[in-house]
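Working notes, beginning with the structure itself.
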Amino acid sequence: MNAHTLKESDMNEMILGLMKSKKRGTVVRKKKTKKRPTKGSLTKEEIKSNAEASFKRQEQMYRDEEAHTLQYIRDEAESKEKELNDYYMYCQNFKNEYKTNFNESLKQSEEMRKELAILRTEYLDLKLLLEDQRKMELNGMFNFYKKKLLDIKAHCTSQTFCDENLKNIVYEILRVIH
């Protein structure tokens, strides 16, 4: 309890000390009085009209800002729409050009296929013709040499003067041919 009272007494002394120091440095307060408007001050109606004018100006600024924003959005939308239309036209032109090129390629490949078929037919015809021509040449050569061999055989049989080896070769060749 002693500690409690000491503490309380210390607090009281501190409060008194503060009060004394405050009295020395404080200025006397004036009583609150109702202020009267000075000659240059505004009346209630003027304040009200000024506030209304300020609100109207603010509202007009908001409307102008809104109109400006809407116009900006419209302009951007129009610009993007134009850009999109241009891109669409580019895509359509590309599609048409691709289609045209594709059709031309199909026509060319069809023509090439036809030409290839014609060339194949010509090749086969020429091959047959060449084979026939070679056959005829070979038959001609065959007949020529056969005739020569027959002449040699006839010569060997009609004459007594004939080489026996040559005679055997001629007979062997003629035997193989027939």
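Everything in the sequence shown is counted per UniProt numbering, starting at 1 for the first residue and increasing by one.
For every residue, glycine included, the Cβ atom is placed at its ideal position computed from N, Cα and C.
Practice task
Under 8 Å Cβ to Cβ from Y171, same chain only, skipping five residues before and after it: list those, please.
Solution key: K153
Problem - Straight-line Cα distance separating E131 from E111 - result: 30 Å
Handout entry: Endpoints, alpha helix (DSSP H) assigned at C162
Key = Premise fails: C162 is in no alpha helix (DSSP H) and is neither H nor E.
Practice task
Note down the Cα distance separating E65 from F94, rounded to an integer number of angstroms.
Solution key: 43 Å
Practice task
Measure the alpha-carbon distance for H155 versus R134 and round it to whole angstroms.
Solution key: 31 Å
Handout entry: Contact check, L174 vs L149, beta carbons under 8 Å
Key = yes
Exercise for the section: Measure the Cβ-Cβ separation of K146 and I169 and say whether it is below 8 Å. Expected result: no
Handout entry: Under the three-state DSSP convention, the category K7 falls into
Key = helix
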